[in-house]
Each structure stands twice: as structure tokens, then as C-alpha cells.
Amino acid sequence: MSKSGPAADAKPVDKDAALRKDIIRTIKGPITERVAAMVPALASSPEPYSVVISSPELLYACIQLFRTKREIFQDLLVDEAGGPVTEDTSALRCGRNIEQIISMVVRSGAKAYSEKRFAPQQSGTQQLKPETRGLLDKLMALVGAKWGGESEKGPSKPGVNSAADKFYAAIKDNLDFDWQVPLIPYFAELPVKLIIEMGRGVTTLRSPEGIAALADIGRHSMESARRILSDGMMREMLDTQPLAAKGVAFLGKERYEFLHGTVYEKMGDKFWEMCVDCDRLEAMETQNAKDLEQMANHLHIISAETINQVVHYIQFNQIPVFLDIARDKLGDEKFTEIFGVPGKKKLIKTFCEKIKATKVDPADPVGDLAKKLPDVFGAYLRAPKDFEKGL
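All residue numbers for the sequence shown refer to my numbering, where the first residue is 529 and numbers rise by one.
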């Protein structure tokens with residue numbers, strides 16, 4: 529015979545759900561109150577939590593305030609025994625640590641922002657600073673013009689209907705860190721299809737420019753986007769010089785690996801600056817590894833025309849001497865003006881022809897050329913027009 533009564537009918541207590549509610553109450557209550565007390569603009573708001581959680585800029589600022597003024601919140605940061613918790617990875621009384629709670633807040637911020645961003649009659653982007661607004665407009669234009677309409681946004685899931693729901697469902701499991709908060713507006717403009725396909729790779733990019741570059745690559749080829757995100761060095765490119773993404777996609781896997789193996793060790797981060805210009809990369813495709821190694825210190829500056837003319841006219845072992853002395857004697861600005869992008873094609877050829885015609889000691893062709901080159905560049909600096917005419 530089965531038992532009946534209140535004890536038998538009661539539903540089991542979901543301890544985790546209860547702890548989550550307690551965390552949320554604490555954040556919305558005492559933590560928000562103390563933050564608002566330090567920020568006059570929030571102190572006068574009837575709903576400071578709602579204002580902060582839907583504004584990525586404000587939310588990020590408040591998280592940093594929490595981190596830098598931790599003593600103000602210390603009485604709330606205690607373990608199960610009531611002792612103070614000072615490490616972000618140590619468990620609090622609620623069972624979670626600071627890192628886990630910040631992850632909750634980041635996800636809540638993404639949800640609140642997306643609901644405001646995709647609301648029918650308003651845009652959550654209006655709170656952003658002018659410089660942020662400009663970058664965001666560029667990304668919105670890129671996605672709107674090149675990815676197409678809502679049909680490109682990705683598949684719907686059961687119970688997921690609105691644009692805000694689709695975005696949040698796609699991204700929520702990949703948001704964990706406070707540094708991601710300022711990037712939420714940029715993530716929100718990406719096609720949901722891209723977020724679903726790329727997963728955590730998207731949310732670990734650290735710059736708006738990198739996010740936009742990935743969107744540009746992904747619209748042409750999801751496979752190229754996957755390849756970039758799976759390669760640690762190419763991810764470095766998206767974070768340090770996202771404009772190089774187009775060049776990397778242009779190269780293809782085989783040629784990229786060849787160039788990376790040939791010159792990256794000598795160039796370091798400047799390798800990505802080299803990849804910004806596709807004409808330069810195209811010129812490099814026809815050169816052998818030894819010639820490119822000789823130019824490695826300058827490949828992020830020199831143009832396709834310079835590469836072609838230098839290889840055509842100047843001996844292999846004289847290439848670094850020519851480029852080093854040219855840059856030293858002309859100075860970075862003038863060197864870039866002549867040999868950089870777009871450069872001065874006629875003058876580049878003139879210099880290379882003069883170097884080829886310079887007689888050098890057969891016993892020491894490199895050393896002798898190094899002695900004579902300063903006079904060549906000196907002649908140009910003294911009378912640029914006469915030099916170009918071959919006088």
C-alpha cells in the first residue's frame with residue numbers, strides 16, 4: 529500500500545536550481561546596490577541591474593569594478609564555513625567559484641543585449657561609443673550585404689523562434705570570460721549559421737576586426753574559416769592583424785604552409801603584415817624559398833613589383849645587402865614610398881638596373897657592393913629627378 533500525504537507528494541528539491549536562484553538574487557540585490565552606489569549614473573536609476581546587464585560597455589566596466597574593488601564585496605564572498613574566499617577558483621558558499629559566476633553574468637549579458645538588440649522597435653546598439661558604433665556598422669554592412677537574409681542565419685531549434693533566441697541558443701555555451709563582454713555586440717551581428725559552424729572558435733577571437741575578418745572568409749568558404757580557426761598560428765593572425773585573413777585565404781593551405789615555414793621564424797608577427805597584400809603574395813608564389821629568405825626582413829613592406837624586380841636583376845646573395853642599405857640610407861618613410869605598396873615602379877626598376885650594372889670585385893662581390901651602394905642612394909637623394917632619368 530502506497531503512502532500518501534504531503535511528504536509523499538512533495539517534489540524533490542533541485543538543489544542546483546535553488547543555488548542558482550540564490551546567486552541571481554545576490555547579484556541583482558546587494559552586489560548591484562554596491563556597484564550603483566559607486567556609479568552616480570546608476571544610483572539614480574530605478575532599475576540599475578537591467579540597465580547594466582543589457583549594456584556590454586556598462587557590464588564590462590562593472591565587472592572590472594568588482595575585480596578592482598573586491599574588498600567592498602568581501603562579506604558576500606565566503607565559503608560554506610563562512611570564511612573569506614580570496615581566490616577566483618575557490619568554491620563559495622553557493623558551490624560555485626568566482627570564475628563560474630562571472631561566466632553566468634557574461635551569458636546573462638549576452639541574452640539581455642540580444643533581446644534589446646533584436647527588439648522590433650529599438651536597437652540596443654545605440655548606447656555604444658562612436659568609435660565602437662563605426663566598427664559595428666562596418667560589420668553589419670558586411671553581413672547584411674554579403675550573407676543574405678534570415679535564411680542564412682541558421683536552422684531553427686524547437687522553441688527557438690526570434691532572432692534573439694537563435695543568437696543566444698547558438699552562442700551561450702561558448703561564453704565564459706569577462707573580456708568577451710565588449711565583443712557581444714559584434715558576435716550578435718554574425719550570421720547564426722557561422723556561430724553554429726565555428727563554435728567556440730568564434731568567441732575566442734579577441735578583436736572586432738578579427739570577428740569581421742572571419743565573417744568575410746566564412747561567406748566565401750566555411751572550410752577556409754574552419755581551417756583558420758583550427759590553426760593556432762592563423763588564429764594569432766586574426767587577433768593581431770585580421771586584415772591578413774584575406775591573404776591567408778588567397779594563399780590556400782599548401783602555399784600558406786610553404787611561406788610560413790620559409791619566413792615566419794625570421795619575421796615573427798610581421799608575417800601577418802606581409803599577408804595583408806594579395807598582390808605581394810601572388811608575386812611571392814613564383815619565387816623560391818632561398819630568395820624569400822633573403823628578403824624576409826622587408827617582406828612586410830616591399831611591393832610585388834619590388835619582389836619581382838629584385839629577383840630578376842640582383843644576385844641571390846646581394847639581395848639582403850641591397851634592401852638593408854636602401855632602407856638605412858633612404859629612411860623608412862622614403863624606402864616605403866619607393867619600394868612599398870603601391871611604390872614607384874619605374875624607380876624600383878631603375879635602382880635594380882643600376883645595381884646590376886655596378887661593377888664589383890669578383891673576389892668579394894657582396895662586400896664590395898655594400899661599399900658602393902651608399903653612393904648609389906646618395907646620388908638619388910641629391911638629385912631624384914636626374915637619377916630617374918638615368919643621368
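Backbone N, C-alpha and C fix where the C-beta goes; we use that ideal spot for every residue, glycine too.
Residues of its chain near residue i, where Cβ-Cβ distance is below 7 Å and the 5 sequence neighbours each way are ignored
i: Ser651; result: Unreliable positioning characterises Ser651 in this predicted model, as indicated by a pLDDT of 47, which lies under 50. The coordinate reading is nonetheless provided below. The answer, listed in chain order, is Arg645.
i: Trp800; result: Met765, Thr768, Gln769, Ala772
i: Arg621; result: Val606, Asp607, Glu608
i: Tyr784; result: Val776
Residues that DSSP places opposite residue i in a beta bridge
i: Val804; result: According to DSSP, Val804 bridges with nothing at all.
i: Val606; result: Pro612
Burial state of residue i (16 or more Cβ within 10 Å)
i: Gly729; result: buried
i: Gln602; result: exposed
i: Lys639; result: buried
i: Met762; result: buried
i: Glu561; result: exposed
i: His757; result: Checking the sequence, you will find Leu at residue 757 rather than His. Buried, by the Cβ-count rule.
i: Thr617; result: exposed
i: Ala824; result: buried
i: Pro719; result: buried
i: Ser572; result: exposed
Sequence-distant residues of the same chain with beta carbon closer than 6 Å to residue i, five excluded per side
i: Ile739; result: Tyr714, Leu733
i: Arg920; result: The structure shown does not extend to residue 920, since the chain is modelled only from 529 to 919, so the question has no answer here.
i: Ser631; result: Asp704
i: Leu827; result: Met802
i: Ile586; result: According to the sequence displayed, residue 586 carries Leu and not Ile. Val580, listed in sequence order.
i: Val888; result: Asp896, Leu897
i: Arg635; result: Lys700, Leu703
i: Ile830; result: Phe867
Coarse secondary structure for residue i, derived from DSSP in three states
i: Thr814; result: coil
i: Pro848; result: helix
i: Pro574; result: coil
i: Pro686; result: Unreliable placement is indicated for Pro686, whose pLDDT of 48 sits below 50; the coordinate value is still reported in the next sentence. It is coil, neither helix nor strand.
i: Asn825; result: coil
i: Arg635; result: helix
i: Asp914; result: helix
i: Phe601; result: helix
i: Pro893; result: helix
Same chain, Cβ closer than 8 Å to residue i, neighbours up to 5 away in sequence not counted
i: Lys818; result: Phe844
i: Tyr792; result: Met761, Phe799
**Prompt:** Should the region 843-861 be called in touch with the region 894-907, which here means at least 3 C-beta pairs below 8 Å?
**Reply:** yes
**Asked** On the three-pair Cβ rule with 8 Å, is the region 702-719 touching the region 750-761?
**Response** no
**Message:** With three or more beta-carbon pairs closer than 8 Å as the criterion, would you say the region 585-596 touches the region 551-558?
**Reply:** no
**Prompt:** Is the region 886-894 touching the region 854-874, taking contact as three or more C-beta pairs under 8 Å?
**Reply:** no
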